[in-house]
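Participant: Protein chains in written order, with the working numbering: chain A, 91 to 260; chain B, 91 to 260; chain C, 91 to 260.
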Amino acid sequence: MTLPPLTLVLGGARSGKSRHAERLVEAVPGPWTYIATAQAFDGEMRDRIALHRQRRGAGWSTVDAPLDLAGALFAAPPGGAVLVDCLTLWLTNVMLAERDPAAESLALVAACRAAPGPLVLVGNEVGLGIVPDNALARRFRDAAGRLHQDLAAAADRVVFMVAGLPMQVK
Amino acid sequence: MTLPPLTLVLGGARSGKSRHAERLVEAVPGPWTYIATAQAFDGEMRDRIALHRQRRGAGWSTVDAPLDLAGALFAAPPGGAVLVDCLTLWLTNVMLAERDPAAESLALVAACRAAPGPLVLVGNEVGLGIVPDNALARRFRDAAGRLHQDLAAAADRVVFMVAGLPMQVK
Amino acid sequence: MTLPPLTLVLGGARSGKSRHAERLVEAVPGPWTYIATAQAFDGEMRDRIALHRQRRGAGWSTVDAPLDLAGALFAAPPGGAVLVDCLTLWLTNVMLAERDPAAESLALVAACRAAPGPLVLVGNEVGLGIVPDNALARRFRDAAGRLHQDLAAAADRVVFMVAGLPMQVK
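Next up, the structure:
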């Protein structure tokens with residue numbers, strides 16, 4: 091199996107996005123680069139990061155890029171497959187750092203289009219619940235939705251995960 | 091391309107519902123009527139309305155129908171395509187006005203079935219998050235889900251938007 | 091039409107999951123067993139239970155299993171079709187009873203695999219909204235997502251309901 095230049099894996103919490111994305115990458119020859127956007131602010135997050143890292147096992151090199159995701163994409167080994175996990179935490183970090191999510195998203199989409207090897211992006215779908223009470227959550231939801239739309243337009247393949255199973259959207 | 095009598099476009103926040111619905115309508119000859127259900131209570135909403143209106147451009151006539159959506163459907167130019175954006179705000183308005191959402195929904199479904207030209211309805215899927223804490227949000231979620239089910243049963247085509255891409259459900 | 095050994099019906103609130111699952115079961119010869127996991131803590135829930143029971147009509151026998159779902163599965167008439175409605179309330183009950191959701195889920199998946207007749211499971215998708223504020227809701231969301239993934243892996247058929255319409259995922 092081959093990977094197209096750009097794949098977007100969307101889905102809800104615990105829908106098996108990361109695992110599916112890892113399998114897509116592991117189906118092609120290495121090197122495999124895992125770009126992690128998570129920041130371990132608390133124990134809950136630290137546990138989750140450790141669990142993901144343990145599951146991936148050997149063959150992966152891991153790069154932390156909580157904010158400079160575009161830079162990490164350019165620095166990845168040319169021709170090797172890259173997994174970004176995940177867009178949602180990156181966007182959270184961008185907003186917490188009080189950077190402009192629209193400008194950062196635009197730059198990220200450009201970097202994804204220019205990536206030197208096959209790229210798989212993981213993102214959380216967060217817009218299918220009741221409108222959140224607080225304005226920051228609404229702004230985040232808007233920014234995430236727009237980023238996903240722009241990336242989906244650029245992507246060769248888009249899947250929506252349901253209970254660990256991929257539904258092909260594009 | 092032709093439009094069937096009744097199309098329902100569902101999806102989460104910022105999933106590209108409005109844009110997709112506009113394209114469906116603009117693919118058939120005019121006149122095109124845009125029935126807006128939004129009420130500009132605050133600046134956030136005013137900005138969003140202005141943005142949508144600007145994107146639509148020429149060729150559209152806009153009708154405001156925050157509550158009497160059935161009336162606006164009957165008043166649209168016969169044979170012309172009509173877009174309703176969106177069901178969710180209309181239902182919010184109905185509940186804020188303390189009208190009965192079940193009765194109003196029933197009347198709306200009947201009006202949609204009797205519409206004189208192709209009709210495209212946009213609605214927010216809001217039932218895929220954690221159960222909301224407050225009872226009003228739960229009642230809203232129930233009413234929206236029932237309305238969507240009734241309209242989907244009546245519709246010729248139903249799409250579920252993911253990141254700007256339509257998944258055909260019916 | 092025949093029912094495969096294990097069917098999983100997922101979807102949001104008011105997406106028509108229960109009704110779809112009932113129809114799947116009623117399409118095969120009886121006996122039909124309805125395993126209800128709901129506990130009528132309040133009037134809202136009592137009304138919902140009564141409504142569902144009324145809709146199902148004759149031909150069904152109902153078993154209440156708020157916690158011991160695996161036991162109820164083993165006790166169902168051999169060869170008869172069984173509907174479990176729903177996994178989400180069962181998992182809520184497990185967590186409220188301070189049992190371990192991971193261990194209970196594992197046992198449930200084993201029981202579903204060993205069920206003596208066709209089995210249809212209904213579950214709420216709750217992971218597609220904004221990350222909940224409170225830690226219990228996040229833990230619940232995680233546990234539900236994992237349970238759904240494990241059951242979906244074991245299932246012969248998985249459907250995701252949108253506005254009363256089934257999208258086949260597996």
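Glycine included, each C-beta is placed from N, C-alpha and C at the ideal position.
Identify every run of the beta strand (DSSP E) within the region 105-155 of chain B, keeping only runs that are complete inside it and at least 3 residues long; order them along the chain.
Facilitator: 122-126 and 150-154
Participant: Do C/G217 and A/R231 have their C-beta atoms closer together than 7 Å?
Facilitator: no
Participant: With a cut-off of 8 Å on the beta carbons, I'd call B/F180 and B/L159 a contact; round off their distance for me.
Facilitator: Per the sequence shown, the amino acid found at residue 180 of chain B is Trp instead of Phe. Going by Cβ atoms, the distance from B/W180 to B/L159 rounds to 5 Å, so yes, they are a contact pair.
Participant: In chain B, which residues lie with their C-beta within 7 Å of the C-beta of C/S195?
Facilitator: None at all; the shortest Cβ gap to chain B is about 18 Å.
Participant: Which residues in the same chain as A/Q258 place their Cβ atom closer than 6 Å to its Cβ, once the five residues preceding and following it in sequence are excluded?
Facilitator: V249
Participant: Measuring only between beta-carbons, confirm whether A/R247 sits less than 7 Å from chain C.
Facilitator: no
Participant: Going by C-alpha to C-alpha distance, which of B/A155, B/G149, B/V199 and B/A204 sits closest to B/P168?
Facilitator: B/A204
Participant: Scan the region 219-249 of chain B for residues whose Cβ lies nearer than 7 Å to a Cβ of chain C and list them as they occur along the chain.
Facilitator: The residues in question are G219, I220, R231, D232, G235, R236, H238, Q239, A242, A243 and V248.
Participant: Is the closest heavy atom of the ligand ATP to the C-beta of A/P119 under 6 Å?
Facilitator: Among the components modelled here there is no ligand, and therefore nothing to report on the ligand ATP.
Participant: Chain C partners of B/L100, CB-CB under 7 Å?
Facilitator: Under the 7 Å cutoff, chain C gives V252 and A253.
Participant: Quick one: is A/V259 near chain C, going by C-beta distance under 7 Å?
Facilitator: no
Participant: From A/D154 to A/L173, what does the alpha carbon distance come to, in whole angstroms?
Facilitator: Their Cα atoms are separated by approximately 12 Å.
Participant: Tell me the rounded alpha-carbon separation between A/D240 and A/Q144.
Facilitator: The straight-line gap from Cα to Cα measures roughly 32 Å.
Participant: Chain B partners of C/E112, CB-CB under 9 Å?
Facilitator: Within chain B, no residue comes near C/E112; the closest Cβ sits about 14 Å away, beyond 9 Å.
Participant: Give the residues of chain A in contact with C/G217, contact being defined as C-beta atoms less than 7 Å apart.
Facilitator: G102, A103, R104 and S105
Participant: Going straight from the alpha carbon of A/A165 to that of A/L209, what length do you get?
Facilitator: 13 Å
Participant: Give me the Cα-Cα distance between C/E188 and A/E112, rounded to the nearest whole angstrom.
Facilitator: 34 Å
Participant: In or out: A/A200 buried (at least 16 other Cβ within 10 Å) or exposed?
Facilitator: exposed
Participant: Hey, A/M251 and A/V115 are a contact pair by Cβ (cut 8 Å); roughly how many whole angstroms apart?
Facilitator: About 15 Å; that fails the 8 Å criterion.
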